[in-house]
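Novice:
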Amino acid sequence: MKNNFSRILGERLVKISEVHRATGLSRATLGEIYYQRAMNIQLDTLVKICDYLQIPLSELIEYVPKNKEGKRCRD
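As structure tokens, then:
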């Protein structure tokens, strides 16, 4: 999985605290997602972030499948 949360916030000059205030999501949760430490993110959390940023889920989180050798496929 490729998490684009930090890139998107950086491009838009949006702070984690702004997302926290607007969505009501825990600052700790947002920090875990931002620093790519979150392993299991709840779907409702992702939906709130996407709604706030006005982006589709596929822009926030990308899935890159593994090939038969167990390596991530690239475009």
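Yeah, the sequence shown ends on 391 if you go by our numbering, and it's all consecutive. By construction, the Cβ of each residue, glycine as well, lies at the ideal position given by its N, Cα and C atoms. A quick note: this is a predicted structure, and the numbers were derived from the prediction, not measured.
Could you give the residue range of the alpha helix (DSSP H) that holds residue 334?
Specialist: Taking the first residue of the sequence shown as 1, we reach residue 334 at position 18. Residues 332-339.
Novice: Counting C-beta neighbours from all protein chains within 10 Å, is the total for residue 332 16 or more, i.e. buried, or is it exposed?
Specialist: If you number the sequence shown from 1, residue 332 lands on position 16. The residue in question, residue 332, is buried, as its Cβ has 16 or more Cβ neighbours within 10 Å.
Novice: Just the C-alpha distance for residue 359 and residue 377, rounded to the nearest angstrom, thanks.
Specialist: What you label residue 359 is simply residue 43 of the sequence shown in a count that begins at 1. What you label residue 377 is simply residue 61 of the sequence shown in a count that begins at 1. Approximately 11 Å, taken between the alpha carbons.
Novice: Using DSSP bridges, identify the partner residues of residue 377.
Specialist: Position 61 of the sequence shown, counting from 1, holds the residue named residue 377. Per DSSP, 319.
Novice: Leaving aside the five residues before and after residue 348 along the sequence, list all residues of the same chain whose C-beta is less than 6 Å from its C-beta, in chain order.
Specialist: Walking along the sequence shown from the start, residue 348 turns up at place 32. For residue 348, where only same-chain residues beyond five positions count, the Cβ hits under 6 Å are 354.
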